[in-house]
Amino acid sequence: MRHGCARPENAYQAHLLRMLRNRGPMSRAELGETMSLSRTKVAMELDRLAQLGLVDTGGLAASRGGRRSAMVSVAADLRFVGVDIGATSVDVAVLDGELQLLDRLSDAISIRQGPEQVLETVLQLVGKLQGNGLAPRVDGVGVGVPGPVSFLEGTSVVPPIMPEWHHFPIRDMLSRELGAPVMVDNDVNILALGEMHAGTARSVEDFLFVKLGTGVGCGIVLRGNLHRGPNGSAGDIGHLQVEDYGPPCACGNVGCLEAFFSGAALERDALQAARSGRSPALADRLAATGSLSAVDVGVAASGGDPVAVAMVRDGARRLGQVLAALVSFINPALVVIGGGVANLGHALLAEVRSVVYRRSLPLATGNLPIVLSELPAEGGVIGGARLISDAVLCTPRSAAP
Ligand SMILES: [Zn+2]
Numbered sequence: 337m338r339h340g341c342a343r344p345e346n347a348y349q350a351h352l353l354r355m356l357r358n359r360g361p362m363s364r365a366e367l368g369e370t371m372s373l374s375r376t377k378v379a380m381e382l383d384r385l386a387q388l389g390l391v392d393t394g395g396l397a398a399s400r401g402g403r404r405s406a407m408v409s410v411a412a413d414l415r416f417v418g419v420d421i422g423a424t425s426v427d428v429a430v431l432d433g434e435l436q437l438l439d440r441l442s443d444a445i446s447i448r449q450g451p452e453q454v455l456e457t458v459l460q461l462v463g464k465l466q467g468n469g470l471a472p473r474v475d476g477v478g479v480g481v482p483g484p485v486s487f488l489e490g491t492s493v494v495p496p497i498m499p500e501w502h503h504f505p506i507r508d509m510l511s512r513e514l515g516a517p518v519m520v521d522n523d524v525n526i527l528a529l530g531e532m533h534a535g536t537a538r539s540v541e542d543f544l545f546v547k548l549g550t551g552v553g554c555g556i557v558l559r560g561n562l563h564r565g566p567n568g569s570a571g572d573i574g575h576l577q578v579e580d581y582g583p584p585c586a587c588g589n590v591g592c593l594e595a596f597f598s599g600a601a602l603e604r605d606a607l608q609a610a611r612s613g614r615s616p617a618l619a620d621r622l623a624a625t626g627s628l629s630a631v632d633v634g635v636a637a638s639g640g641d642p643v644a645v646a647m648v649r650d651g652a653r654r655l656g657q658v659l660a661a662l663v664s665f666i667n668p669a670l671v672v673i674g675g676g677v678a679n680l681g682h683a684l685l686a687e688v689r690s691v692v693y694r695r696s697l698p699l700a701t702g703n704l705p706i707v708l709s710e711l712p713a714e715g716g717v718i719g720g721a722r723l724i725s726d727a728v729l730c731t732p733r734s735a736a737p
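Quick note: the sequence shown uses the working numbering, first residue 337, plus one each step.
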């Protein structure tokens, strides 16, 4: 039986666990070939991981002529919890050591209820999932929150849409209550990690994940690792200034990208277009439902409403200008656009692509796909589990946080 704080003891063990987590069960021979290690070395490290309770050494693989090689997998009883806290809902899921989703629960919240109440809901959901016997013990918890996060401290710092959370010890509180290691990151980075594990970005080492939601942010993955910067604020592209003058932004400045183009900006512009009578389609929608959102703009644009089409195209053009600069600067292999506002229809992607391909240098855009995320709704909880499993499963004990 595994001890609660079992961790890989060296870089070989961490690498073996990472491969088994990402690729599923492998034979000892395959592991040795992929890592260019001798059979003896692989056997020694795997025996130690089995003693630690971190891998299962099961049946024999199909013979390839020589001696049959035993199959190895991450321990079947490893359990990670992914928590995706949004502005209006929270998702909690239990995943196994290969980050396969075992069960998931959601609940409606308001982020403005404050950390005590929202985290109480999280704990209740974890309790329910544990109650059904899926996760008698939790090996680690990864949490995404919709605001800037000091990654080292596990707290949110001056979060615009959730001021009550400023410096609240999210990580320490959950770790104490659940008796497991916890890591906290912003929702954009969590989604980028989910994309890396289960989405289009599986096959690339360097990519940008742009989240279009109420706000706009970018996860930067370089050589397979998230780039956060020393303060954890890397990728906060929503507040890059795209005009000297322009609409006021939640951050206190004017002319920020997300003040022009985001879920919040589209809602503001849609209401204005409906009330002024410039867009009959949006006015009808407002009269029918009493509110407007980015989804309504997408529907009106797909239906050919010229004002809605212009809103999507203008916003996408500004996003494209920012992305063109980022592409020249980072040279990613892939750009993925996701988040609740990403599905505005074909016009969004067409305009972003056209600006990026026109404005970036050919060497940077030669083979650059710009695509919409195909990640399921579970992307956030998968990313949370990926975050904490990187720390407890794939980092040698001496280097782990
Ligand atoms: Zn701003």
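Beta carbons: idealized from backbone N, C-alpha and C, even for Gly.
For residue i, the residue or residues it bridges with in DSSP
i	result
D650	The partner list for D650 (beta bridge, DSSP) is empty, contrary to what the question assumes.
F543	V557, L670
Q577	C592
T491	S486
I506	Answer by DSSP bridge pairing: none, since I506 is not bridged.
G476	F416
P584	V590
V552	L548
S363	M407
N468	Note: N468 sits in no beta bridge, so no partner.
N522	V481
L562	V557
Closer than 7 Å: residue i CB and nearest ligand 1 heavy atom
i	result
S575	The sequence given here has His at residue 575, not Ser. Yes, Cβ of H575 sits closer than 7 Å to a heavy atom of ligand 1.
A713	no
A601	no
E594	yes
N589	yes
C341	no
C585	yes
Within-8 Å CB hit, residue i to chain B
i	result
V458	The displayed structure is made up of one protein chain only, and chain B is not part of it.
Own chain partners of residue i with C-beta closer than 8 Å, once the 5 adjacent residues on each side are dropped
i	result
R621	A610, L628, D632, V635, A636
V578	G591, C592, L593, F596, R654, Q657, V658
S569	P484
V391	L352, L353, L356, L382, L385, V408, S409, V410, A411
Own chain, CB closer than 6 Å to residue i, minus 5 neighbours either side, in chain order
i	result
C554	L544, V546, G571, I573
G676	G549
Q349	E381, L385
G478	G418, M519, G720, A721, L723, I724
N358	none
E513	L459
R440	A429
D605	M647
D523	G480, P482
A319	Since the first residue shown for the chain is 337 and the last is 737, residue 319 is missing from the structure and cannot be characterised.
N679	none
V493	P484, S486
S696	A660, V663, S664
L607	L628
I447	A423, M498
Sequence-distant residues of its chain with Cβ nearer than 7 Å to residue i (five each side left out)
i	result
G560	E541
L367	L352, M355, V378, V408
V286	Outside the displayed range of the chain (337 to 737) lies residue 286, so it cannot be described from this structure.
V530	In the sequence as presented, Val is not what sits at residue 530; that position holds Gly. L711, G715, G716, I718, G719, R722.
D580	G591
G613	A619
P771	Nothing about residue 771 can be reported from this structure: the residues present for the chain run from 337 to 737 only.
K464	L441
C587	P496, H575
Proximity test, residue i beta-carbon vs ligand 3 heavy atom, cut-off 7 Å
i	result
I718	This structure does not include ligand 3; its bound ligands are ligand 1.
Q) Where are the alpha helix (DSSP H) runs, 4 residues long or more, that stay fully inside the segment 368-451, in chain order? A) 375-388
Q) Which residue spans inside the segment 676-728 form an unbroken beta strand (DSSP E) run of at least 3? A) 706-708
Q: Can you check the segment 612-651 for any alpha helix (DSSP H) of at least 4 residues that lies completely inside it and give the ranges in chain order?
A: Complete alpha helix (DSSP H) runs here, min 4: 616-625, 630-638.
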